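Visitor:
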Amino acid sequence: MADHAEHAHHHHEGDPKPTTPIYRQGYIIFAVLMVLTLIEYVLGLEQFEGQFTIFLVLIALLKAAIIVNYFMHIARLWKGQESH
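In terms of the working numbering, the sequence shown has 91 at position 2, counting the first letter as 1, and numbering is strictly consecutive.
1) Taking just the CA atoms, how far does Ala153 sit from Gly115?
2) Tell me the residue span of the alpha helix (DSSP H) that contains Gln177.
3) With distances taken from CA atoms, which of Leu122, Gly139 and Phe144 is nearest Val157?
4) Comparing C-alpha positions only, which one of Val124, Thr109 and Gln140 sits nearest to Ile155?
5) Return the first residue and the last residue of the alpha helix (DSSP H) that Phe144 is part of.
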């Protein structure tokens, strides 16, 4: 039973480790989305009767594109890599 508990904490050979490029890319995507969200929030606080509306829309579209591309793997469909 102790062997099973020890084994549960080890990575399998095929599992990516938290320091691999795929995790690093995930952290970068997270940071970019957080920065864009912070910019949206700050612009949303300003009361300039819609002067920043176009910027908010552009930021929202950029965030949507990042999410669709990275999390939904849409880019793989165009490259012919349909599997996850």
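Idealized CB from N, CA, C, for every residue including glycine.
It should be emphasised that the depicted structure is a prediction, and the values quoted were computed from it without experimental measurement.
Guide: Taking the geometry as given:
1) Straight through space, the alpha carbons of Ala153 and Gly115 are spaced by roughly 16 Å.
2) Given that the chain is displayed from residue 90 to residue 173, the structure contains no residue 177 and the question cannot be resolved.
3) Considering only alpha carbons, the answer is Leu122.
4) Checked all of Val124, Thr109 and Gln140; the closest Cα to Ile155 is Val124.
5) Here the alpha helix (DSSP H) through Phe144 covers Thr142 to Tyr159.
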